[in-house]
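Participant:
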Amino acid sequence: MSTQPPPPDPATPTADTSLVSVRGLHFSHGQRVIYDGVDIDIARGKVTAIMGPSGTGKTTLLRLIGGQWRPGRGTVAFDGVNVHALRRKPLYALRRRMGMLFQHGALLTDLNVFENVAFPLREHSDLPEALIRDLVLLKLDAVGLRGAADLMPESLSGGMARRVALARAVVFDPDLVMYDEPFTGQDPISMGVLMRLIRDLNNALGLTSIVVSHDVDEVLSIADYAYIVAGGKVIAAGTPDALAHTEDPLARQFLRGEADGPVRFHYPAPALAESLGGLRTS
Amino acid sequence: MNTLLTTLTAVFAGIGRAQFFLINVLAALPAALTRPRILAQQVHSVGVMSLIIVVLSGSFVGMVLALQGFRTLVRFGAEESLGVFVALVIVRELGPVVTALLVAGRAGSALAAEIGLMKATDQLSAMEMMATDPLKRVIAPRFLAMLISMPLLSAIFSVMAIGIAGGHAVGVSLLGVDDGSYWGQIRASVEVQDIVDSLIKSTLFGFAVAWIAVYQGYHAAPTSEGVSRATTSTVVLSSLAILALDFVLTAFMFR
Amino acid sequence: MVNRSLEVLVGFFICLGIAAIFVLTFRVASLDTVGSGTDTYRITGQFQNIGGLKQGSAVTLAGVRIGRVTQISIDPHTFQATVHMTIDRQYDNLPEDSSASILTAGLLGEQYIGLTPGGMPEPLTDGSELMLTQSALVLENLIGQFLSNMATQQE
């Protein structure tokens, strides 16, 4: 380590301090290359944001970390263990240390709110009913929905469903919580609630969080560190402050939401004059 | 020609995938037995919910058979054999087949839609991430519930069709066949082997419907269109499978 | 949580199904155990023509079922049909010279074996062979015989 130049930013996570480290990741979906050599480190105890334009496979990254999908090449290590070298049983044991919040909550529709949060406890522990009840109510209280324990998922709003799913994701006190697009389609109030919850839970429970999102301002305001992924590669990384001064043109376009830039406003097409001219002669 | 080849390859790939899927489901079946509550819930939604339609259909099929059979038998002066006619047709064929077709339409399609929706809304993925195997928690109990319910429903159907709500009602009460000879002739001609074969048939039909339904649901495209397509193909494929399987089984059993 | 009414319904359904299977087995098929239990003895008989007799057909004495046909084969030397029967052990005093004939229940009904007791003091035992047998009545032969009799009478 001593022979290498010092990292440019003291906040940059290294392999030693990181809970998850992704190395040389390649992944293709059919013909489409989604990752083409990506290195990402997720620092322990921090909130790390993964940002990027739509369709860059940010959700894919979470599924790769969770071991649901296998990479073409490269490794994903969770706490030093290569996730994809594990057999089923140890993989499932490892997943108990991860929580995942799906985009729309993915609550089990045939169970009520209480049972949804109790689900991991009932599946993986033999705790007495009274203790399960206390644990579930505590977690529901933490997301502010203790009063909704008896409701069925279909009667919850989108934001409430995500909060219930968040309570479910942390009920086993995992080391890592992954958030898949937690802010999409939320009104400002429930967006604010979710942002506060992600930050507070991370600090209070000593979690490590990964937030995948393209809501730049929201996610940067709660993240300790951020990666911008586009075209199968990491194009920029750093603390939110550092990213604000990034030189990469694509990253700047993305962060500032400019309509034209490296990502063209126009879908590739022959010049407009040519197309229109063709019409006139016919 | 090329498209034909592609289609053919896709069909074979589908069949192969279904085989592997079946093996995984069968391996997960013992896990379903360790969760009696979930299994009970599924027996409720597959079996109990199909009960009314099976009871009603059984009665009507029995009545129609008795009417039709009587018209033909009376020409040979053999109307006393009405009971045998109804009982053998029901026990050997219509009981298992019609029940299976009804259950495929009522419960098989619902199974496929439910599983497809769970997939489309990431519920199956969420379970996987919570270290719970959806094959054990979701698929296996539904598969087993179908396997348990089908022969029971088929037996209920047969009893309704032959008994006082179906063939017996029309034959004895309406057409005046002697009650004693209705039952007597049945008992003289229907063998225990017929009942056993009937139960074997309906269990295998249950197996086929369960397999098709959970496969279609589990492999549905995670969109609303994909779910509706899975539901439709469950009913179509199940019906075809039931009838084809019935031919093969009948050829084996009643040589 | 599975609520109570659901459990009751499922239990009711399972019991209903099992009851239906029992009704089918005992009411419809009448699980007739005569001649199929373990407490039986076996006898054989050779017939020139068994007609529609098949495995499982009844063996009766004075119209009462006392056994069943277990196997039908061809004797390679006599080219006759050998019919194996099992008889309930409680009827172990049938005379050795009892005769067997293949009868039909009704004009077009099932065929079965009717035994007629003889007069010898020794009873039939396991493995005995019935010496006196009468073949099934084959309708075509009967009609043929009837017609040829008519022809001879007219001459």
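Chains as they are written, first to last, in the numbering used here: chain A, 1 to 282; chain B, 283 to 537; chain C, 538 to 692.
Beta carbons: idealized from backbone N, C-alpha and C, even for Gly.
1. Tell me whether the stretch 450 to 460 of chain B and the stretch 353 to 372 of chain B touch, counting them as touching only if at least three CB pairs, one residue from each stretch, are closer than 8 angstroms.
2. Take B:LEU315 and list the residues in its own chain whose beta-carbon comes closer than 8 angstroms to its own, dropping the five residues that flank it on each side.
3. On the three-state DSSP scale, how would you describe C:GLU666?
4. If I follow the unbroken alpha helix (DSSP H) through A:TYR267, where does it start and stop?
5. Given that A:LEU108 touches chain B, what residues does it touch there, using C-beta distances under 7 angstroms?
6. Checking 8 angstroms against the spacing of the C-beta atoms, do C:ILE624 and C:VAL606 come in under that value?
7. Buried or exposed: which applies to C:GLY600, given that a residue is buried once 16 or more other Cβ atoms fall within 10 Å of its Cβ?
8. Could you check which residue in C:GLN585, C:LEU561, C:LEU598, C:MET622 has the C-alpha nearest to that of C:PRO654?
9. Looking only at C-alpha atoms, which of A:ARG32, A:GLY45, A:LYS46, A:PHE27 sits nearest to A:ASP39?
10. Are any of the Cβ atoms in chain B nearer than 8 angstroms to that of A:SER282?
11. Determine the burial state of A:ALA85: buried for a count of at least 16 other Cβ atoms within 10 Å of its Cβ, exposed for fewer.
12. Quick one: residues in its chain with C-beta nearer than 7 angstroms to the C-beta of A:LYS139, no 5 flanking neighbours on either side, listed in chain order?
13. Rounded to the nearest angstrom, what separates A:PRO107 and A:MET98 at their Cα positions?
14. Please list, in chain order, all residues of the same chain as C:SER635 whose beta carbon is under 7 angstroms from its beta carbon, the five residues on each side excluded.
15. Taking the runs of the beta strand (DSSP E) that are 3 residues or longer, which of them lie wholly in the stretch 152 to 227 of chain A?
16. When burial is assigned at 16 or more other CB atoms within 10 Å of the CB, is C:SER685 buried or exposed?
17. Alpha carbon to alpha carbon, how far is B:VAL478 from B:LEU304?
18. Of the residues A:ARG88, A:ARG87, A:LEU94, A:PRO71, which one's Cα is nearest the Cα of A:GLY80?
19. I need the boundaries of the alpha helix (DSSP H) containing C:GLN682, first residue and last residue.
20. Check whether the stretch 250 to 264 of chain A touches the stretch 70 to 77 of chain A, taking contact to mean three or more Cβ pairs, one atom from each stretch, closer than 8 angstroms.
21. What residues of chain D sit near B:HIS326, judged by a beta carbon separation below 9 angstroms?
22. Compare the C-beta of B:ALA492 against all C-beta atoms of chain A and say whether one is closer than 8 angstroms.
23. With 8 angstroms set as the bound, which would you pick, yes or no: does the beta-carbon of A:ARG95 sit closer than that to a beta-carbon of chain B?
24. Residues in the stretch 116 to 140 of chain A with C-beta within 9 angstroms of chain B's C-beta atoms, listed in sequence order?
25. Going along chain B in order, which residues have a C-beta closer than 7 angstroms to the C-beta of C:VAL560?
26. I need the DSSP call for A:GLN4, collapsed to helix, strand or coil.
27. Under the DSSP definition of a beta bridge, which residues are partnered with A:ILE42?
28. Could you say if the stretch 412 to 429 of chain B and the stretch 549 to 565 of chain C meet the contact criterion of at least three C-beta pairs nearer than 8 angstroms?
29. Of all the residues that make up the stretch 407 to 423 of chain B, which are near chain A by a beta-carbon distance shorter than 8 angstroms?
30. If you check the beta carbons only, do A:LEU137 and A:PRO71 fall under 8 angstroms apart?
31. Taking all protein chains shown into account, decide if C:ASP612 is buried (16 or more other Cβ within 10 angstroms of its Cβ) or exposed.
32. According to a CB-to-CB cut-off of less than 7 angstroms, which residues of the stretch 55 to 76 of chain A neighbour chain B?
33. Within 8 angstroms (strictly less), CB to CB, does C:LEU553 reach chain B?
34. Rounded to the nearest angstrom, how far is the Cβ of C:ALA637 from that of C:THR670, given a contact under 8 angstroms?
35. Residues in the same chain with beta-carbon distance under 7 angstroms from A:THR17, minus the five sequence neighbours each way, listed in chain order, please.
36. May I ask you to report which of helix, strand or coil DSSP gives B:TYR500?
Facilitator: In terms of the structure at hand:
1. The stretch 450 to 460 of chain B, when compared against the stretch 353 to 372 of chain B, does touch it at the 8 angstroms Cβ threshold.
2. LEU321, LEU426
3. strand
4. Where A:TYR267 is concerned, there is no enclosing alpha helix (DSSP H), given that its DSSP letter is neither H nor E.
5. GLN405
6. Their beta carbons are not under 8 angstroms apart, which means C:ILE624 does not touch C:VAL606 by this criterion.
7. exposed
8. For C:PRO654, the closest alpha carbon among the candidates C:GLN585, C:LEU561, C:LEU598, C:MET622 is that of C:LEU598.
9. A:PHE27
10. Confidence in A:SER282 is poor, its pLDDT being 45 and thus under 50, which makes the residue's placement unreliable; the coordinate value appears in the next sentence. Not closer than 8 angstroms to any Cβ of chain B, the Cβ of A:SER282 fails to qualify, so no.
11. A:ALA85 should be labelled exposed.
12. Correct list, in chain order: VAL117, ALA167, VAL170, VAL171.
13. The displayed chain sequence assigns Leu, not Pro, to residue 107 of chain A. Going by the C-alpha atoms only, they are around 17 angstroms apart.
14. LEU652, THR653, PRO654, GLY655, LEU661, LEU667, listed in sequence order.
15. Counting whole runs of 3 or more residues, the stretch 152 to 227 of chain A contains the beta strand (DSSP E) stretches 176 to 180, 208 to 213.
16. exposed
17. 26 angstroms
18. A:LEU94
19. In the DSSP assignment, C:GLN682 falls within the alpha helix (DSSP H) that extends over 676 to 691.
20. no
21. The chain inventory of the structure shown lacks chain D, comprising the protein chains A, B and C.
22. no
23. yes
24. PHE119, PRO120, GLU123, HIS124
25. VAL441
26. With a pLDDT of 49 at A:GLN4, under the threshold of 50, the predicted position of this residue should be treated as unreliable, and no value is reported.
27. A:ILE42 pairs with A:VAL20.
28. no
29. SER407, ALA408, MET409, GLU410, MET411, MET412, ALA413, THR414, ASP415, ARG419
30. no
31. exposed
32. GLY66, GLN68
33. yes
34. The C-beta separation of C:ALA637 from C:THR670 comes to about 5 angstroms, placing the pair in contact by the 8 angstroms criterion.
35. ALA43, ARG44
36. helix
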